[in-house]
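At position 144 of the sequence shown the residue is numbered 152 (full-length UniProt numbering), and the sequence of numbers has no breaks. Just so it is clear, CB atoms sit at the ideal spot from N, CA and C, and this is done for glycine as well.
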Amino acid sequence: ETSRIAQPIGSALDRFIKNNQNQFQYASGELSQILRDIALASKVVNREVNKAGLIDIMGAVGSTNMAGDQQQKLDVLANIRFTRALAKGGEVAALISEESETYVDLNNDGKYVIAIDPLDGSSNIDVNVSIGTIFSVYRRKSPAGLPIQEEDILQKGSEQVAAGYILYGSSTMLVYTTGYGVNGFTYEPSLGEYFLSHPDMQMPDNGKIYSINEGLSNSFDTSVKEYLNDCKEKAFTARYIGSLVADFHRNLLKGGIYIYPPTAKDPKGKLRLMYECNALAFVAEQAGGKASDGRGGRILDIQPTGLHQRTPFFVGSKHMVEHAERFA
Ligand code: P6P
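Here you go:
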């Protein structure tokens, strides 16, 4: 394993973006500005997540979000931070967020649309388990300067021009793709900078880790039950953190599959297409992995019909997803 020496001190993320400008749509630097805005907001959220136990921002605010989750104070804080950072950048026309029922108009002159889950898995904060931010970037279809149209908002995942996540874990990482591979940056809080720690991330083609909430298995389709039995016959390892970004990230590094299948409670699956699955599907494919609905339907090909629609989600090592699909 070559030692991953972090880049020299200085805004390594900025330098990486500048050096890879050709990988960003339109060399005008708008997309790279969006990534800088997201990185900046993540530094503020990281600080708030890390001190959540110390000040009264724990617990629920007594309202629920579109996922039906008890809105955590940090959910709301994170949504404000990312919305503000993206609004200030001026490049974003509209924002789709788990925390908002409708999309948020930011700037008609903006050329991009962002879908974001500002803090996924936030119910884990109280028990100090890793959580994440998930984001997708789309170019708007309608001309800049006009009001946002539905065609700008309900775009297939294959239309993403960038996507990624921030994992607030034992260390905080920013992992993203602009369609030219996947790169991981580790945050150094004492310097307030992200450093390129995982260049050109590749998801192992195969693996022996499966991530699924087996507590719900009585309501799984037979095909999922049969696949899980196959994993157990092969003595695979069950790892389920209950925080999508953390489970996804571990599988990206070590190989594995994450499954959120249809259940009695969520017949279409629990996870949201626009701001959870599409981004991770783009990252997975760019790292050599696969993301489907478990029946051969490519996540990135799904034409959305609603901002908060759900989809079954099978994502991870290519051969593991393909094998799981054979049981369907
Ligand atoms: P369950 C968190 O609420 C989340 O959206 C994902 O981060 C996580 O993988 C999943 O839901 C956990 O859901 O039903 O297993 O508790």
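Practice task
Return the residue from the list 296, 295 and 333 that minimises the CA-CA distance to residue 303.
Solution key: 333
Handout entry: Length at least 3, wholly inside the region 166-229: the beta strand (DSSP E) runs in chain order
Key = 168-176, 180-185, 190-196, 201-206 and 217-219
Practice task
Name the two residues that bound the continuous beta strand (DSSP E) containing residue 298.
Solution key: 298-300
Handout entry: 7 Å Cβ cutoff met for residue 90 and residue 49
Key = yes
Practice task
Enumerate in chain order the residues of its own chain whose CB-to-CB distance from residue 192 is below 7 Å, with the five nearest sequence positions on each side excluded.
Solution key: 181, 183, 205, 206 and 209
Handout entry: Beta-bridge pairing of residue 147 - partner residues as DSSP gives them
Key = 120
Practice task
Tell me whether residue 162 sits in a helix, a strand or coil according to DSSP, three-state version.
Solution key: coil
Practice task
Throw me the rounded Cβ distance for the residue 244 and residue 216 pair, which I believe falls under 8 Å.
Solution key: 5 Å
Handout entry: Residue closest to residue 106, alpha-carbon to alpha-carbon, out of 232, 88, 120 and 202
Key = 88
Handout entry: Neighbour-count burial assignment, residue 315, 16 or more Cβ in a 10 Å radius
Key = buried
Exercise for the section: Give a single yes or no on whether residue 113 has its beta carbon closer than 6 Å to a heavy atom of the ligand P6P. Expected result: no
Problem - One or two residues paired with residue 266 in a DSSP bridge - result: 219 and 323
Practice task
Below 8 Å CB to CB, which residues in the same chain sit around residue 213 once its five sequence neighbours on both sides are set aside?
Solution key: 263, 296, 325, 326 and 327
Practice task
Leaving out five residues on either side along the sequence, give the residues of the same chain with a beta carbon under 8 Å from the beta carbon of residue 163.
Solution key: 121, 146, 149 and 312
Problem - Heavy atom of the ligand P6P within 6 Å of residue 251 beta-carbon - result: yes
Practice task
Please classify residue 100: does DSSP put it in a helix, a strand, or coil?
Solution key: strand
Practice task
Could you tell me whether the region 281-298 touches the region 235-242, using the rule of 3 or more Cβ pairs below 8 Å?
Solution key: no
Practice task
May I ask you to check if the CB of residue 324 is nearer than 6 Å to at least one heavy atom of the ligand P6P?
Solution key: no
Handout entry: Proximity test, residue 129 beta-carbon vs the ligand P6P heavy atom, cut-off 6 Å
Key = yes
Practice task
Answer yes or no: do residue 267 and residue 307 have a C-beta to C-beta separation smaller than 7 Å?
Solution key: no
Handout entry: For residue 99 and residue 38, the rounded distance between their alpha carbons
Key = 6 Å
Handout entry: 8 Å CB neighbourhood of residue 329 in its chain, flanking five on each side removed
Key = 265, 297, 298, 299, 300, 322 and 323
Handout entry: Same chain only: Cβ atoms within 6 Å of residue 190, ignoring 5 sequence neighbours per side
Key = 209, 291, 294 and 295
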